[in-house]
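Contents: one structure, followed by commentary.
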């Protein structure tokens, strides 16, 4: 197994950004990272969708990255640096590289969605991959990108680039199709971007996952991966099914706000999302609490 | 394992309807069935999307079903009887039952898509399931149904109905989510409706698949299933990947017309689809031929 | 102005199909037609979406058409005869022609949506237009057709066909774009398929509309048209705005079921839609009643 | 007519941002503004979608605004300041206010599209409107906003806010529906965000338009408006139809890149868009040139 595949195998948490009033709560972030780094998580995604990256100013993003640099421990860190322009993506990726992070994860540009065909996306990713020293991960998430998807054919072409080493796929279709077209010898790793298809994707060839649920129940997420690696498939499927059920009440129902509310319940510091996102209402929190209990996770009693 | 799960496990071919001029070519259909029934396929779907059911008159549908009744051998047969009205769905399902077929498969009504919410769909399926003697399969295929999907919650509710015994899921999202919510003891079987996620779905709890590719390379499709059942996962994944690649050039690129063209190439009788569907152009046929050869399947030389 | 433009100018009602128990209520249909034919409506659309055409068997469609033939008075009648196959569309159009109806209105085929590109649709419409004696209207309604739209370029090409004489456009984008590309001298009429853009479309070059609201308040709909023709634009816009507001509570909120409920309130015979469509619940009926009163229409008191 | 309606009536150009190498070309922007301010345009939209706002850094946006402040002449200027977070939107709107611009135009937040329902959007717009001194325009453009739309009901509610004075609507559905629900006495102006429905929208109650084509042929765009105001409807419709045809070859085919290419052809300074957007290829430019000639506009000969 090549070096990047090794580094990218397992479970990553797309770490949330806590807020205190109208500022990022860097202490709370540090607290969460010190807890999460004690788990078997492979690493963290900083400044992802769950980190509310598009609601952070450039300055705030730097402050957040400094906390990651300080508190990451021995974890692998990928940083979301995708912007609408090639130029700004490169500049932000340079910063991530200079700060010593391991990978940049680049969501498809999508504001001018109609123009973002395979050729435009290919050119975009190749330009960035050539300009930056840090290895690049594609991030395919049409639900956050106005429906823009990287065509499977383009993924396969980009996989051949020496500085493009993987993809985080959160598309509903899952990675089945392009996994079949990838050369298994290629240094290109596929990470499932959602718990609903994480376990099944491992069987199809994915090496791991970036799971919002790993902010809440990291050990259960990594256990699915470990059971898979040990060939204990029945237990893996069962545990995965429990996490899928749990997730419906968290990110499935409420997005980032749900992840943060669940973190509060298990003793991490989630807090409110930044407006216009709204916190989970009281009855939603009760449902999350109930779902955690049902699936066997300890929650703080009030 | 209960009776229906046993009957529904494995691979079904959604059998195409050949045409001769502007009539269904019943001889060609019989020829195909005599070949397909000699394979390890579990059974057939008659009058499905690949059977161009919506392009057949009521009378033609009956003629097609008579061929199935005669030529099915010992295969399990499910019949597509879903119509826009509850009433007509029930009537067509009665006919299927009287002709001795095993299951009816009911695509979601969708012409009035905006009104087809979970409550309307639940009522529809329950009404039909109560009115007919033959067991009912849900068919969730938003790509054929104006985007209408059965909500996961509704699927779980319907799974509890004694005469609703399974679902064919062709949605892009795959069955991961509702598989996790289903009671494994329930008499409710999940069939994957596409090769792209067939193998991964088996690991998530599906019992089989309804695969258009099973019209073309039935033995390879059933081998994926057999390898899975024997726990030979590496070989299963590899074979599955080859079939996914192959499928891009067939149904992926051309829909039913591609399936029919590929059947012609391997010695079955596909022919032209009914207009306004058009046959695959010459260069597309060359690509299908090449893909069959690349993946190791024998094609007729011209 | 050529002959067809004259015949197609003004307002058409896409007449609903009443049911009594599980049968079409032909008496109620006749009753409605005798009332509607006394208005200034230009004509009727039989077997359209509001007529729940896809929920009617072939036999029932014939019975409905016979009522139209008998009760249409001097109104122009267009018949929805579009099916998934070119062949069946032609056969049903022949029947409409033989029964003496004026036009056939052909919704785009859409079950195999991915294959229904401009070329396929062009071929479909040309084949039908050449095969039938009755003049053809295109019907562009992506919301009923799995998202399939006739590309503007294809509409312009088809407009040149001598037996294709118009289009009913119910797409959200409205007819603005292709109206600009049509030759005004061409015998091709554009009808707006919704009250929301009916009045504005007249200014852009449409000759009329097919309005579900014309089942409920036909005189108000034709008055918008008459005021437009007389150049009384302020009053036309105001009346149109009132009808748009009203429509939100009827078809906007409930589809066909809303139209039928509103008909019951004003003394016509709507009744229940056919299942799986459900009737408007009591509180929805109260809102429709209130909206009718607010916009100045008489309702029956209970 | 109240003050804002007066200021917002007519045609606005959503001014493009030229680039020189990888920097904004402020001289070219100034050149374009000096030309455009000599026309009958009502004003400019700075930092809109056509200004490639999402591809500009915060610093670059300020540089662009300074050029507008200097070169706007007596034109009304609205500034696109909508960001994903309420907080950043307010901050950027404060800057626009301090620089003396007339309005801010706020695209719907949309990164967390699934959470952006009517309640979230209402809260977002009200928060901003209360926090800033400059009057607020809603900007409804699902094609740039991951499908997010402001529900008509929410628009009507927001129209009542004293500091929300209008909407730019670029949705395909057009403003017909909510125009009907708006109180005409309200200080709330509707601007059509596309040439395809600009003229028809004037008849439905819009007071003007923000038209990318106004970067290219401003006088023709304002003439449509003037002819409408004078009641010369036949000539207005004809001219509008010509502009709709022209636009297919410009923004319709190529987005911003097409607008910039057309500007080059008529003697303004468009240049290349910022990557990953690509310039119009040679054959596309030839088609734009031909379309300009066909519709009677002078182009520079090379």
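Chains as they are written, first to last, in the numbering used here: chain B, 111 to 412; chain P, 111 to 412; chain U, 111 to 412; chain V, 111 to 412.
Cβ atoms here follow ideal geometry from the backbone N, Cα and C, with glycine treated the same way.
Practice task
Grab me the residues of residue 252 of chain B's own chain with a C-beta within less than 7 Å of its C-beta, minus the 5 sequence neighbours each way, in chain order.
Solution key: 258, 259, 281
Practice task
Please classify residue 328 of chain V: is it buried, with 16 or more other beta-carbons within 10 angstroms of its beta-carbon, or exposed?
Solution key: buried
Problem - Beta-bridge pairing of residue 278 of chain U - partner residues as DSSP gives them - result: U:249, U:301
Exercise for the section: Give me the Cβ distance between residue 403 of chain V and residue 373 of chain V, rounded to the nearest whole Å; I'm assuming they're in contact under 8 Å. Expected result: Contact flag wrong, Cβ pair sits at about 16 Å.
Problem - Element boundaries [beta strand (DSSP E), containing residue 221 of chain V] - result: Counting along the chain, residue 221 of chain V falls outside any beta strand (DSSP E), and DSSP gives it neither H nor E.
Handout entry: Contacts that residue 230 of chain B makes with chain V (C-beta to C-beta distance below 9 Å)
Key = 385, 386, 387, 388
Handout entry: As assigned by DSSP and simplified to three states, the class of residue 266 of chain U
Key = helix
Practice task
Compile a chain-ordered list of the residues in the stretch 208 to 224 of chain U whose CB is closer than 8 Å to at least one CB of chain P.
Solution key: 219, 220, 221, 222, 223, 224
Practice task
Evaluate contact between the stretch 385 to 402 of chain P and the stretch 241 to 256 of chain U, counting only Cβ atoms and requiring at least three cross-stretch pairs below 8 Å.
Solution key: no
Practice task
Determine the direct distance from the alpha carbon of residue 293 of chain B to that of residue 270 of chain B, and round the result to whole angstroms.
Solution key: 9 Å
Handout entry: Members of the stretch 342 to 369 of chain U near chain P, C-beta cut-off 9 Å
Key = 364, 365, 366, 367
Handout entry: Residues of the stretch 249 to 266 of chain B with Cβ closer than 8 Å to any Cβ of chain V, in chain order
Key = 253, 254, 255, 256, 257
Exercise for the section: Report yes or no: is there a C-beta of chain A within less than 9 Å of the C-beta of residue 166 of chain U? Expected result: The question asks about chain A, but that chain is absent: this structure's protein chains are B, P, U and V.
Problem - Identity of the residue in B:305, B:380, B:287 nearest residue 349 of chain B by Cα - result: B:305
Exercise for the section: Measure from the alpha carbon of residue 319 of chain V to the alpha carbon of each residue in V:152, V:144, V:131, then state which is nearest. Expected result: V:152
Handout entry: Nearest neighbour of residue 198 of chain P, chosen from U:215, U:168, U:331 [CA to CA]
Key = U:168
Practice task
Give the residues of chain B in contact with residue 132 of chain V, contact being defined as C-beta atoms less than 7 Å apart.
Solution key: 197
Practice task
Check whether the stretch 370 to 390 of chain V touches the stretch 138 to 148 of chain V, taking contact to mean three or more Cβ pairs, one atom from each stretch, closer than 8 Å.
Solution key: yes
Practice task
Within the same chain, show all residues whose beta-carbon is closer than 8 Å to that of residue 262 of chain P, passing over the 5 residues directly before and after it, in chain order.
Solution key: 287, 288, 291
Problem - the stretch 144 to 162 of chain P in contact with the stretch 353 to 360 of chain P per 3-pair CB rule at 8 Å - result: no
Exercise for the section: Count the other C-beta atoms from every protein chain shown that fall within 10 angstroms of the C-beta of residue 113 of chain U, then say buried if there are 16 or more, exposed otherwise. Expected result: exposed
Handout entry: Own chain, CB closer than 8 Å to residue 368 of chain B, minus 5 neighbours either side, in chain order
Key = 359, 360, 361, 362, 390, 394, 398
Practice task
Using the DSSP secondary-structure output, state which residues sit across from residue 133 of chain U in a beta bridge.
Solution key: U:130
Handout entry: Cβ pair residue 407 of chain U, residue 330 of chain U closer than 9 Å
Key = yes
Exercise for the section: Following the continuous alpha helix (DSSP H) through residue 288 of chain V, name the residue where it begins and the one where it ends. Expected result: 286 to 291
Handout entry: Heavy atom of the ligand SAM within 8 Å of residue 302 of chain V beta-carbon
Key = Looking at this structure, you won't find the ligand SAM or any other ligand, since it has none at all.
Handout entry: Pair within 9 Å by beta-carbon distance, residue 225 of chain P and residue 321 of chain U
Key = no
Handout entry: Reduced DSSP secondary structure (H/G/I, E/B, other) of residue 153 of chain V
Key = strand
Problem - Three-state secondary structure (DSSP) of residue 458 of chain B - result: The first residue shown for chain B is 111 and the last is 412, placing residue 458 of chain B beyond what the model contains.
Exercise for the section: Using a threshold of 9 Å, state whether the C-beta atoms of residue 239 of chain B and residue 274 of chain B are closer than that. Expected result: yes
Problem - Within 9 Å of chain V by C-beta, residues of the stretch 307 to 332 of chain U in sequence order - result: 307, 308, 309, 310, 311, 312, 313, 314, 315
Problem - For residue 125 of chain U and residue 203 of chain U, the rounded distance between their alpha carbons - result: 18 Å
Practice task
With a floor of 3 residues, list each beta strand (DSSP E) that falls wholly inside the stretch 134 to 204 of chain P, ordered by position along the chain.
Solution key: 153 to 156, 186 to 190
Practice task
Give the secondary structure of residue 390 of chain U by DSSP, where H, G and I count as helix, E and B as strand, and everything else as coil.
Solution key: coil
Practice task
Find out if the Cβ-Cβ distance for the pair residue 205 of chain V, residue 175 of chain V is shorter than 9 Å.
Solution key: yes
Exercise for the section: Could you tell me the distance, in whole angstroms, from the CA atom of residue 150 of chain B to the CA atom of residue 266 of chain V? Expected result: 52 Å
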